[in-house]
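Asks: Chains as they are written, first to last, in our numbering: chain A, 11 to 332; chain B, 11 to 332.
There are 2 protein chains.
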Amino acid sequence: MKINAKDILEGNIRSLAKAITLIESKKNEHKDAASNLLEELTPHSGKSIRIGISGVPGVGKSTFIEAFGLFLISQGHRVSVLAVDPSSPISGGSILGDKTRMEKLSQNENAYIRPTPTDGSLGGVSKRTKEAIILCESAGFDITLVETVGVGQSEYEVSNMVDFFLVLMVPSAGDELQGIKKGIIEISDLLVINKADGDLLNLAKISQQGYENALHIMSKKSEWVTKVLTCSALHSEGMEEIWKSIKEFQDIQKKNKLWDEKRKQQNLKWFESLLTENLLQHIQSNPVLDLELKKTKQNILNHQSFVPIAVKALLSKVFTDS
Amino acid sequence: MKINAKDILEGNIRSLAKAITLIESKKNEHKDAASNLLEELTPHSGKSIRIGISGVPGVGKSTFIEAFGLFLISQGHRVSVLAVDPSSPISGGSILGDKTRMEKLSQNENAYIRPTPTDGSLGGVSKRTKEAIILCESAGFDITLVETVGVGQSEYEVSNMVDFFLVLMVPSAGDELQGIKKGIIEISDLLVINKADGDLLNLAKISQQGYENALHIMSKKSEWVTKVLTCSALHSEGMEEIWKSIKEFQDIQKKNKLWDEKRKQQNLKWFESLLTENLLQHIQSNPVLDLELKKTKQNILNHQSFVPIAVKALLSKVFTDS
């Protein structure tokens, strides 16, 4: 699968799609090509605003991304969407379905939507989301939306890949707020209460007040206090305010030199996870060690060794036989 | 911190608490003591039914665990609760609060509740939950409840440590069901719709029907079809049916030799995550490699090296200098 960096830099979508498939490939013969392509493109990347979008199932993420994406395009931007789905690690399948859930956006020439189902890796997030961001930026998309599901680890990982983290909520009062607050507030830069229309409009306003009070007490970020907005993705209402808030965040962060600093720290995290991954690959690529690894696993299956001891034994071999 | 395996085997709770603190310790001088203690106790472990309990914030997990735990104790069991919270990786703090949220249970002499906040490790789940289960079993607890929050990776990891995975739901109709079904159904052995009381009783019954229909279509497990029950944790209603269903699952799994098989596979997963962790520790414990690691990280911070290439370079040193 030969892909020309030039084609991607010229915004050729088919080449971009191929490139993401290449970097997601687990085949050894693809690894070097992928690594070289990324090295060549990285200097051309980094120019987009990377926005994480999260929220539990049912909150209306697809509708929101369609509405927000189309709004951004109407403002002259080009929008790529990386849809990450950590909620189905066993099948590796995506509950997010395909592009049909964002029909108008996926048909727009200034949008590119890429579903990247998780492969059940420890990461939770697709192992190659970071690389996919680099590729989309190289293809000239100046906004990257990274979508994720659920509460917890996957949010944390996506928040380590983006500049701005937006959490969608459904209107709710009282109890529901309690549990969710702390974890979400720590990583979110903006809470958006969706479905602020029809019968739910009032409840949405009540929730907004509730979250604002909670944030007032709990928020730690000094240079930026997490905001709470409402919107109706269904009627494309509230998109402008959301975008305004993101731009405001960007201005403040850049003024405080925190925008680049955050990305540097994110590169460190990327390094650490790639290192772990490659350490394991090294063992498996060495016939002697791979045999040892297989034997060890068999002993564990036969209850013949205690796991921590088995790990110690294998490690001693890894760092002598190699 | 000297801990006697004998004291734990005799059910001494203070020793158990100390032991869990020891295995959770990141201090090098504690690692061998922890490993030895675990090796000594492992032959005495494995005798409890390990039950994962999950559900999004607001579903009433604390109330449920208090009610279910007290029911199990009334049936003559001893119950340990490991409360895992992956939703707040940044502070490492727990949104679950402390024992006060399960007041009656925590004061019962046949219960032991241990909150284990995540340390933001890739795992999402506390790195030592597996070890904590071994310790609690060694102390004579014949039921282990492992609590987790959220949708996605953390559930997946806890489901890799337990025999039975129970997911709590709130009564809901229509939309909310759609998104959540696939991921949850793949790992859950039992769905329990909580808050089946008062005004929500009817909605609970409707949800139950909705999930049963969904399961009927989607369920894969041939030897066990995920059940759907309702309960009122608030009024301790439905606990007996839930326990009956767990026992039924155990009987079927043991008859099909799947009970032990599952635990063997779980040990393999434990091995893999421990291996990864120790590979990194090896690098940091070698002064030459640790210096190299620090230099590499500095270069990444200075945008002087492309992450995948930096990983390659470091690896080549790891497997020659050592």
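From the three backbone atoms N, C-alpha and C, an ideal C-beta is built for every residue, glycine too.
Give the range of the alpha helix (DSSP H) segment to which Leu176 of chain A is assigned.
Replies: As a first step, residue 176 of chain A must be located in the first sequence, where it is residue number 166. Segment 174-179 is the beta strand (DSSP E) holding Leu176 of chain A; no alpha helix (DSSP H) there.
Asks: Does DSSP put Ile23 of chain B in a helix, a strand or coil?
Replies: Here residue 23 of chain B refers to the residue found at position 13 of the second sequence. Helix, per DSSP.
Asks: Would a check of beta-carbon distances place Pro297 of chain B closer than 8 Å to chain A?
Replies: What you label residue 297 of chain B is simply residue 287 of the second sequence in a count that begins at 1. Not an interface residue.
Asks: From which residue to which residue does the alpha helix (DSSP H) around Arg273 of chain B run?
Replies: Your numbering for residue 273 of chain B matches position 263 in the second sequence. Per DSSP, Arg273 of chain B belongs to the alpha helix (DSSP H) from 268-295.
Asks: For a contact meaning CB atoms closer than 8 Å, what does Leu325 of chain A contact in chain B?
Replies: Position 315 of the first sequence holds residue 325 of chain A. By Cβ distance, chain B contributes Leu285, Asn288, Leu289, His292.
Asks: In this structure, what does DSSP give as the bridge partners for Ser242 of chain B?
Replies: Working through the second sequence from its first residue, we reach residue 242 of chain B at position 232. Paired residues: B:Glu247.
Asks: Does Arg138 of chain B come out as helix, strand or coil in the three-state DSSP assignment?
Replies: In the second sequence, the residue the question calls residue 138 of chain B occupies position 128. Coil, per DSSP.
Asks: Rounded to whole angstroms, what is the Cα-Cα separation between Ala43 of chain A and Glu271 of chain A?
Replies: Taking the first sequence and counting its residues from 1, one reaches residue 43 of chain A at position 33. Taking the first sequence and counting its residues from 1, one reaches residue 271 of chain A at position 261. Whole-angstrom Cα-Cα distance: 30 Å.
Asks: Is the CB of Leu48 of chain A under 8 Å away from at least one CB in chain B?
Replies: For this step, residue 48 of chain A is matched to residue 38 along the first sequence. Yes, contact with chain B.
Asks: If we call anything under 8 Å between Cβ atoms a contact, is Ile63 of chain B one with Glu157 of chain B?
Replies: Indexing the second sequence from 1 puts residue 63 of chain B at position 53. Indexing the second sequence from 1 puts residue 157 of chain B at position 147. Yes; because the gap between Cβ atoms is below 8 Å, this pair is in contact.
Asks: Look at Ala121 of chain A and Val172 of chain A and say whether their C-beta atoms are less than 8 Å apart.
Replies: Here residue 121 of chain A refers to the residue found at position 111 of the first sequence. Here residue 172 of chain A refers to the residue found at position 162 of the first sequence. Taking 8 Å as the Cβ cut-off, Ala121 of chain A and Val172 of chain A do not qualify as a contacting pair.
Asks: In terms of residue numbering, what span does the beta strand (DSSP E) encompassing Gly65 of chain B cover?
Replies: As a position in the second sequence, residue 65 of chain B is number 55, starting the count at 1. Its beta strand (DSSP E) spans residues 59-65.
Asks: Any contact between the stretch 282-297 of chain A and the stretch 259-271 of chain B? By contact I mean 3 or more CB pairs, one from each, below 8 Å.
Replies: No, the stretch 282-297 of chain A does not touch the stretch 259-271 of chain B.
Asks: Anything in the stretch 204-237 of chain B with a Cβ closer than 7 Å to a Cβ of chain A? List those residues in chain order, please.
Replies: none
Asks: Give the straight-line distance between the Cα atoms of Ser182 of chain B and Arg111 of chain A, rounded to the nearest whole angstrom.
Replies: Here residue 182 of chain B corresponds to residue number 172 of the second sequence, with the count starting at 1. Here residue 111 of chain A corresponds to residue number 101 of the first sequence, with the count starting at 1. So the two alpha carbons sit approximately 22 Å from each other.
Asks: Look at the Cβ atom of Ile143 of chain A, then the Cβ atom of Phe175 of chain A, and state whether they are nearer than 8 Å.
Replies: Residue 143 of chain A sits at position 133 when you count from the first residue of the first sequence. Residue 175 of chain A sits at position 165 when you count from the first residue of the first sequence. No.
Asks: Measuring straight from C-alpha to C-alpha, what distance separates Glu250 of chain A and Gln276 of chain B?
Replies: On the first sequence, position 240 is the one that residue 250 of chain A refers to. On the second sequence, position 266 is the one that residue 276 of chain B refers to. About 49 Å.
Asks: Who pairs with Ser198 of chain B in a beta bridge, going by DSSP?
Replies: Against the second sequence, residue 198 of chain B aligns to sequence position 188. Looking at the DSSP assignment, Ser198 of chain B forms no beta bridge with any residue, so it has no partner.
Asks: I need the DSSP call for Arg111 of chain B, collapsed to helix, strand or coil.
Replies: The residue given as residue 111 of chain B occupies position 101 in the second sequence. Arg111 of chain B: helix per DSSP, three-state reduction.
Asks: Counting along the chain, where does the alpha helix (DSSP H) carrying Leu210 of chain A start and finish?
Replies: Start at 1 with the first residue of the first sequence, and residue 210 of chain A comes out as number 200. Leu210 of chain A -> no alpha helix (DSSP H), and no H or E assigned at all.
Asks: Check whether the Cβ of Asp185 of chain A lies closer than 8 Å to any Cβ atom in chain B.
Replies: As a first step, residue 185 of chain A must be located in the first sequence, where it is residue number 175. Summary for Asp185 of chain A: the model assigns pLDDT 48, below 50, so the residue's position carries little reliability; its value from the coordinates is reported in the next sentence. Judged by the 8 Å Cβ criterion, Asp185 of chain A is in contact with chain B.
Asks: Excluding five sequence neighbours on each side, which residues of the same chain lie with their C-beta closer than 7 Å to the C-beta of Thr73 of chain B?
Replies: Translated into the one-based positions of the second sequence, residue 73 of chain B becomes position 63. Cβ within range, chain order: Ala243, Leu244.
Asks: Going by other Cβ atoms of all chains shown within 10 Å of its Cβ, with 16 needed for buried, is Asp108 of chain A buried or exposed?
Replies: Taking the first residue of the first sequence as 1, we reach residue 108 of chain A at position 98. With a pLDDT of 45 at Asp108 of chain A, under the threshold of 50, the predicted position of this residue should be treated as unreliable, and no value is reported.
Asks: Within this structure, are the beta carbons of Ser148 of chain A and Leu303 of chain A separated by less than 8 Å?
Replies: Translated into the one-based positions of the first sequence, residue 148 of chain A becomes position 138. Translated into the one-based positions of the first sequence, residue 303 of chain A becomes position 293. In this structure, Ser148 of chain A keeps its C-beta atom at 8 Å or more from the C-beta atom of Leu303 of chain A.
Asks: Take Asn288 of chain B as the anchor and find which of B:Asp17, B:Asn14, B:Asn38, B:Ile23 has the nearest alpha-carbon.
Replies: Here residue 288 of chain B refers to the residue found at position 278 of the second sequence. Minimum Cα distance to Asn288 of chain B is reached at B:Asn38.
Asks: Between the Cα of Val235 of chain A and the Cα atoms of A:Ile123, A:Lys137, A:Glu247, A:Glu258, which residue gives the shortest distance?
Replies: Position 225 of the first sequence, counting from 1, holds the residue named residue 235 of chain A. The shortest Cα separation from Val235 of chain A among A:Ile123, A:Lys137, A:Glu247, A:Glu258 belongs to A:Glu258.
Asks: Tell me, to the nearest whole angstrom, how far the beta carbon of Cys241 of chain B is from that of Val177 of chain B; I am working on the premise that it is less than 8 Å.
Replies: Walking along the second sequence from the start, residue 241 of chain B turns up at place 231. Walking along the second sequence from the start, residue 177 of chain B turns up at place 167. Not really, about 12 Å apart at Cβ, beyond 8 Å.
Asks: Determine the DSSP secondary structure at Ser101 of chain A, reduced to helix, strand or coil.
Replies: For the purposes of this step, residue 101 of chain A is taken as residue 91 along the first sequence, with counting starting at 1. The predicted model places Ser101 of chain A with a pLDDT of 36, which falls under 50 and marks its position as unreliable; any figure quoted below should be read in that light. It is coil, neither helix nor strand.
Asks: In the DSSP output, what is Pro125 of chain B paired with across the bridge?
Replies: The sequence position of residue 125 of chain B within the second sequence is 115, counting from 1. By DSSP's assignment, Pro125 of chain B forms a beta bridge with B:Ala93.
Asks: If you compare alpha carbons, which of A:Val328, A:Asp152, A:Ser84, A:Ile319 is closest to Glu49 of chain B?
Replies: If you number the second sequence from 1, residue 49 of chain B lands on position 39. Looking at the Cα atoms, A:Ile319 is the closest of the given residues.
Asks: Taking a contact to mean a Cβ-Cβ separation below 8 Å, would you say Met179 of chain B touches Asn212 of chain B in this structure?
Replies: What you label residue 179 of chain B is simply residue 169 of the second sequence in a count that begins at 1. What you label residue 212 of chain B is simply residue 202 of the second sequence in a count that begins at 1. No, these two residues do not count as a Cβ contact at 8 Å.
Asks: Our contact map puts Ile13 of chain A next to Lys36 of chain A with C-beta atoms below 8 Å; I'd like the distance itself, whole angstroms only.
Replies: Residue numbering aside, residue 13 of chain A sits at position 3 when the first sequence is read from its first letter. Residue numbering aside, residue 36 of chain A sits at position 26 when the first sequence is read from its first letter. At roughly 17 Å, the Cβ-Cβ gap does not stay under 8 Å, so Ile13 of chain A and Lys36 of chain A are not in contact.
Asks: Please work out which residues of its chain come closer than 8 Å, Cβ to Cβ, to Asp185 of chain A, disregarding the five sequence neighbours upstream and downstream, and give them in chain order.
Replies: Indexing the first sequence from 1 puts residue 185 of chain A at position 175. With a pLDDT of only 48 at Asp185 of chain A, under the threshold of 50, the placement of this residue in the model should not be trusted; the figure read from the coordinates follows. Closer than 8 Å at Cβ, skipping near neighbours: no residue.
Asks: Take Gly21 of chain B and list the residues in its own chain whose beta-carbon comes closer than 6 Å to its own, dropping the five residues that flank it on each side.
Replies: For the purposes of this step, residue 21 of chain B is taken as the residue at position 11 of the second sequence. These residues qualify, in order along the chain: Ala149, Gly150.
Asks: Using a C-beta to C-beta distance shorter than 8 Å, which residues of chain A count as neighbours of Leu278 of chain B?
Replies: In the second sequence, residue 278 of chain B corresponds to position 268, counting from 1. The answer, in chain order, is Lys307, Ile310, Leu311.
Asks: Report, in whole angstroms, the separation of the C-beta atoms of Lys71 of chain B and Gly65 of chain B, which I expect to be a contact under 8 Å.
Replies: Along the second sequence, one-based indexing puts residue 71 of chain B at 61. Along the second sequence, one-based indexing puts residue 65 of chain B at 55. Contact holds; Cβ gap of about 5 Å.
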